[in-house]
Each structure stands twice: as C-alpha cells, then as structure tokens.
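Working notes, beginning with the structure itself.
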Amino acid sequence: MNRILNRANTLVTTVMLLAVTVLVFIGVLSRYFFQFPLAWSEEASRFIFVWMIFLGIAIAENQDAQFRITYFVEKLPAKAAIFITIIGECLSLAFLAMLFWEGLEFVRMGRGGVSAAMELRLDYVYWSLPIGIALTFFNRLAHFSQYLNEGMSGAHRVGGGK
C-alpha cells in the first residue's frame, strides 16, 4: 500500500512539475511577446508549486534523502547512538504530527478565502500542508519501524542519509 501511494505521489508531483513549466512558459510568452499578462497563470503556477513542495518532502522522506547531521552520533558508542537515534526519530514524528495538526487549523482558517485571479478557494491550496506532512509522517514511521525491526543495526546512520 505504501509503495503504491508513494508511486502515485511521485507521478502526481511529476505532472505538477510539467504543469508549472507549461504555465510559466505561457505566462512569459503572453507577458513579453503579446504584452498581455495572464495573472491566472502566475497564480496557478504558484499554487501548484506549493503542492509540489509538500508532496516533494514526502518523496524525499520515502527515498531517505532528507538532510541529517550525523557527525556527533557517529562518535558515540553503539548503545548511546541507538538511544539518541530513537529519541531523534520520536521527536521527528512528534514534530510532524504537530505540523499536521497545525496544518488542519491552517485549512480551517483558509475556508471562505478565495484567490484574486482565479477565485479559487484558498483551502484547496492550504490542504497541501496536512496532506504532504501526513505522507511524510507515514514514510518516516516506515523508516523508523524498519530500523527497529532490523535490530537497530547500523545505529550510527541515525535513520537517514545515503
């Protein structure tokens, strides 16, 4: 299930990248060659880009490509490194859970607002935060679970980085 969801996320994000590229190209053409700016193309590309960011975070987490500083943990004895890794993973998951909760509040506050050019409900854009963070949370949880199930071997890796 997780693999299907991550493939779908990658496909959606790839399509969004293509859409942003086309929209920006159309916007530049209309503004500079036809002297007719299209405000909706700028707004649409901005909104799609926001979605790409939060979905992209989940993709990076799935690929275990998030940036981590492991220098100090690598200097610790194995048991201390395992302990610090577990604490760090729990803190990461707690932070993602809090960010998800606050993202839902952000969506709630955005209800009723509409964008200037396209008159799109802003909560459609704001949903990118809790959805992207939820995907990131489950990818992080899967990596942490795998770390625990493998007997915490490679504890100095701190759950990430290639």
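The sequence shown stops at residue 183 when you use our numbering, and every number in between is there.
For each residue, glycine too, the CB sits at the ideal point set by N, CA and C.
Source: prediction; values computed, not measured.
Residue i versus residue j: straight-line alpha-carbon distance, rounded
i    : j    : result
R129 : F55  : 40 Å
G48  : R67  : 12 Å
A99  : T157 : 27 Å
L39  : F70  : 11 Å
G77  : F57  : 32 Å
I165 : L44  : In the sequence under discussion, the amino acid at residue 165 is Phe, which differs from the Ile named in the question. Taking the straight line joining both Cα atoms gives about 39 Å.
A60  : T106 : 47 Å
L141 : W72  : 14 Å
N27  : D85  : 13 Å
A118 : C111 : 10 Å
I154 : R52  : 35 Å
A137 : N30  : 28 Å
Q167 : V135 : 43 Å
E123 : A115 : 12 Å
I25  : L32  : 11 Å
T42  : L50  : 12 Å
L125 : T34  : 21 Å
Residue(s) in a DSSP beta bridge with residue i
i    : result
V43  : According to DSSP, V43 bridges with nothing at all.
R142 : V135
Per-residue burial, residue i [other beta carbons within 10 Å of its own, 16 or more giving buried]
i    : result
S62  : buried
S149 : buried
I80  : buried
E64  : buried
I103 : buried
Y147 : buried
Short CB-CB distance (under 8 Å) between residue i and chain C
i   : result
S66 : Note that chain C does not occur in the displayed structure, where there is just one protein chain.
Neighbourhood of residue i by C-beta distance below 7 Å, restricted to the same chain and skipping five residues each side
i    : result
R132 : D144
A163 : N23
M37  : I69, W72, M73
F121 : P151, I154, A155, F158
8 Å CB neighbourhood of residue i in its chain, flanking five on each side removed
i    : result
N160 : N23, N27, A79, E82, N83
Own chain partners of residue i with C-beta closer than 6 Å, once the 5 adjacent residues on each side are dropped
i    : result
G182 : Low local confidence applies: a pLDDT of 43 at G182 is under 50, so the model's placement there is unreliable, with the coordinate-based value given in what follows. Excluding positions up to five away in sequence, the list reads R89.
Practice prompt. With a floor of 4 residues, list each alpha helix (DSSP H) that falls wholly inside the stretch 65-130, ordered by position along the chain.
Written response: Within the stretch 65-130, the complete alpha helix (DSSP H) segments of 4 residues or longer fall at 92-95, listed in chain order.
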